[in-house]
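Some notes on the structure that comes next.
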Amino acid sequence: MHFVAFLSEFVGTTMFLFFAFAGTQVANAGTTNNTANTATNQATGFSPMVLEYTALSFGFSLMVNVWIFFRISGGLFNPAVTLAMMMTQTIGIARAVLLVIAQITGSIFSSYIVKVLFPANFNVRTTLSAQTSIVQGVFIEAILTGELVFTIFMLAKEKHKATFIAPVGIGMALFVAELVGVYYTGGSLNPARSFGPCVVTGVFDREHWIYWVGPGLGAVCCVGFYKFIKMLEYEFANPGQDAHEEEEAAAAAAEAEENTPRKKASKEAIHDTPPKETV
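Following this line, the structure appears as structure tokens:
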């Protein structure tokens, strides 16, 4: 079963990044600074149309391929997401290691395919813009990755009646993150996404480590927040979300109110109180 998951994650990551990178190539085709081995934000400068096209390429590609491969490997395609899933014990360590290897290999393979197939200069590396400091880059990547990971937790990991359309929300989360991050950091959110193009071009910028530390930090913080709200039993804060009718929703809300920790403690206290002796 590990082999099936490994193969699925490799193919899924390859397809996700192939369409994302190819879309970025198309977006950059008409830019005036589209020189060889330049990073995305260096080539585009500030062009809202190019930014939107790039963000849509990544967001829609993730949405489609997560929907395809979710049933086989989970459709993670990202070492930071894999780390988060391992920390919440959704997947084991052995499975996580295999998935990360598949993701990195898939990123390298997709980068090579795009570089060979398309006549335009290969222009998908992620680097910091001239105005972005290293500290800013780390925290931008961390915040954007945290948003993506938490979206995955609440829409896919937590099972509910809308889980079947979770890929739409996940793709939109990446789309929004790319709108914010592409100009400043290249919008990586994914160590594998940044690593593959560097291997194929043979160019590793000295700040490349940001694209491992930033997403990793975001994933760890997201896991901490997720575990915290699970400990607080967040389900009781807004009950009845999965009820189909108003009556079911009201019943679920009433049941949740009865099952809150305070109500439970009160019931247990009453139950444990010894009966009064009669004379």
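All letters in the sequence shown, in the order written, are residues -29 to -1, 1 to 250 by mature numbering (1 follows the signal peptide of the UniProt record, and there is no 0).
Just so you know, even glycine gets a beta-carbon here, dropped at the ideal spot from N, CA and C.
- Message: Restricting to Cα atoms, I'd like to know which of Met56, Ala55, Leu54 and Thr(-6) is closest to Ser28.
- Response: The shortest Cα separation from Ser28 among Met56, Ala55, Leu54 and Thr(-6) belongs to Thr(-6).
Would Gly77 pass as an interface residue toward chain C - the criterion being a Cβ-Cβ separation below 7 Å? Here there is only one protein chain, and chain C is not present.
Q.
Considering only the alpha carbon of each residue, which of Ile111, Thr103 and Val120 lies closest to Met56?
A. Minimum Cα distance to Met56 is reached at Val120.
Check whether the Cβ atoms of Met(-15) and Gly142 sit closer than 7 Å, and answer yes or no. No, they are not a contact pair.
I want to know whether the region 95 to 114 touches the region 180 to 196 - three or more CB-CB distances under 8 Å.
Three or more pairs of CB atoms, one per stretch, sit closer than 8 Å, so the region 95 to 114 contacts the region 180 to 196.
Tell me the rounded alpha-carbon separation between Thr59 and Asn49. Across the structure, Thr59 and Asn49 are spaced so that their CA atoms are roughly 16 Å apart.
Within 7 Å, strictly: CB atoms of Thr116 and Gly189: Yes, the pair counts as a contact, with Cβ atoms nearer than the cut-off.
Check your understanding: Smallest Cα separation from Ala(-1): which of Trp38, Ile64, Asn36 and Phe89?
Key -> Comparing Cα positions, the closest option is Phe89.
- Query: What does a CB cutoff of less than 7 Å around Ala(-8) pick up in its chain, not counting 5 residues either side in sequence?
  - Reply: Contacts found: Val85 and Phe89.
TODO: Drop a sphere of 10 angstroms on the beta-carbon of Arg177, count the other beta-carbons inside from all chains shown, and report buried for 16 or more, exposed for fewer.
DONE: With fewer than 16 other Cβ atoms inside 10 Å of its own Cβ, Arg177 counts as exposed.
Expressed to the nearest angstrom, what Euclidean distance is found between the alpha-carbon atoms of Ala148 and Ile136? C-alpha of Ala148 to C-alpha of Ile136: approximately 19 Å in a straight line.
Would you kindly report the start and end of the unbroken alpha helix (DSSP H) that includes Asn(-2)? Note, Asn(-2): alpha helix (DSSP H), His(-28) to Asn(-2).
Checklist entry - With a CB to CB cut of under 6 Å and the five nearest residues on each side skipped, what residues in its chain are close to Gly158? => result Cβ neighbours of Gly158 beyond the five flanking positions: Glu149 and Gly152.
message = On the CB-based measure, 16 or more other CB atoms within 10 Å of its CB, does Leu203 come out buried or exposed?
response = The residue is exposed, with fewer than 16 neighbouring Cβ atoms inside 10 Å.
Practice task
Report the rounded CA-to-CA distance for Gly(-18) versus Val194, giving the unit in angstroms.
Solution key: Rounded to the nearest whole angstrom, the C-alpha separation of Gly(-18) and Val194 is 24 Å.
For this session: Might you give, ordered along the chain, the residues of its own chain that have their beta carbon closer than 7 Å to the beta carbon of Ile123, omitting 5 neighbours on each side?
Result: Within the same chain, Cβ atoms closer than 7 Å to the Cβ of Ile123 are found at Val52 and Ile141, the five residues on either side in sequence being excluded.
With a threshold of 6 Å, establish whether the CB of Leu54 neighbours any heavy atom of the ligand GDP. This structure does not include the ligand GDP; it has no bound ligands of any sort.
*Neighbourhood of Phe175 by C-beta distance below 6 Å, restricted to the same chain and skipping five residues each side*: Contacts found: Cys169.
Exercise for the section: Return the CA-CA distance between Ala65 and Val71, expressed in angstroms with no decimal places. Expected result: Note on geometry: alpha-carbon atoms of Ala65 and Val71 lie some 10 Å from one another.
Delimiting residues of the alpha helix (DSSP H) encompassing Ala67: The continuous alpha helix (DSSP H) containing Ala67 extends over residues Ile64 to Leu88.
Express the C-alpha separation of Phe41 and Ser100 in angstroms, rounding to a whole number.
Computed Cα separation, rounded: 34 Å.
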